[in-house]
Amino acid sequence: MNHYSRLLCALYIATSAGLAWTSVLEVRYGPAWAACLFAAAGLVPLIAVVRETVIGEQRRWLLEMVAQAGRGGDAAEAIVRAELDSACCERWWTSLGSQHDVTCRHGMPRSSSAA
71 MNHYSRLLCA LYIATSAGLA WTSVLEVRYG PAWAACLFAA AGLVPLIAVV RETVIGEQRR
131 WLLEMVAQAG RGGDAAEAIV RAELDSACCE RWWTSLGSQH DVTCRHGMPR SSSAA
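If you're matching positions, the sequence shown starts at 71 in my numbering and goes up one per residue.
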């Protein structure tokens with residue numbers, strides 16, 4: 071994570087703490103619906119912290135891939151190779167992610183009920 075990501079995470083946590091405190095005050099002195107609203111809103115900044123952490127890990131992984139590849143063209147090839155290796159099946163690629171092959175491990179089994 072860089073400095074801006076850490077600053078954003080600190081702001082997100084401060085916002086979440088403020089919303090949690092407001093939720094506590096609403097439980098004690100205000101309507102229950104407002105307390106629930108502030109409690110739910112307090113979770114959103116925590117989700118943003120997780121998102122920033124994941125983005126930071128992806129950037130670090132990308133920099134490691136570039137460092138291992140040595141040159142820019144090799145890095146792009148390594149990234150494309152990793153994406154192709156993580157693909158499900160050929161039908162998934164050709165159907166834009168809407169269908170899987172019968173033998174694909176990510177495919178959803180069809181139910182026997184009429185749909």
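Ideal Cβ positions, reconstructed from N, Cα and C, are used throughout, including at glycine.
Note that the structure is a prediction, hence the values are computed from the model and not measured.
**Message:** Can you confirm whether the region 79-91 touches the region 106-125 when touching is taken to mean that 3 or more C-beta pairs between the two stretches lie within less than 8 Å?
**Reply:** Between the region 106-125 and the region 79-91 there are three or more C-beta pairs closer than 8 Å, enough to call the two in contact.
**Message:** Here's the rule I'm using: 16 or more other beta-carbon atoms within 10 Å means buried, otherwise exposed. How should S93 be labelled?
**Reply:** Residue burial annotation: S93 is buried, with at least 16 other C-beta atoms found within 10 angstroms of its C-beta.
**Prompt:** Do you know whose CA, among H73, L95 and F108, lies nearest S86's CA?
**Reply:** Here the closest residue by C-alpha is F108.
**Asked** How big is the Cα-Cα spacing for A102 and V124?
**Response** Between A102 and V124, the C-alpha separation is close to 34 Å.
**Message:** Please classify L77 as buried or exposed, where buried requires at least 16 other C-beta atoms within 10 Å of its C-beta.
**Reply:** Burial state of L77 is exposed, judged by a 10 Å Cβ sphere holding fewer than 16 other Cβ atoms.
**Prompt:** What three-state label does DSSP hand D155 in the structure shown?
**Reply:** In the structure shown, D155 falls within a helical segment according to DSSP collapsed to helix, strand and coil.
**Request:** With distances taken Cα to Cα, identify the nearest neighbour of M71 among Y99, Q138 and E127.
**Result:** Nearest option by C-alpha distance: E127.
**Prompt:** Considering S75, what are the terminal residues of the alpha helix (DSSP H) in which it resides?
**Reply:** Unbroken alpha helix (DSSP H) run through S75: H73 to Y99.
**Request:** Within the same chain, show all residues whose beta-carbon is closer than 7 Å to that of G112, passing over the 5 residues directly before and after it, in chain order.
**Result:** Closer than 7 Å at the Cβ level, and outside the excluded window around G112, lie S86, L89, A90 and S93.
**Request:** Quick one: residues in its chain with C-beta nearer than 8 Å to the C-beta of T173, no 5 flanking neighbours on either side, listed in chain order?
**Result:** The answer, listed in chain order, is C159.
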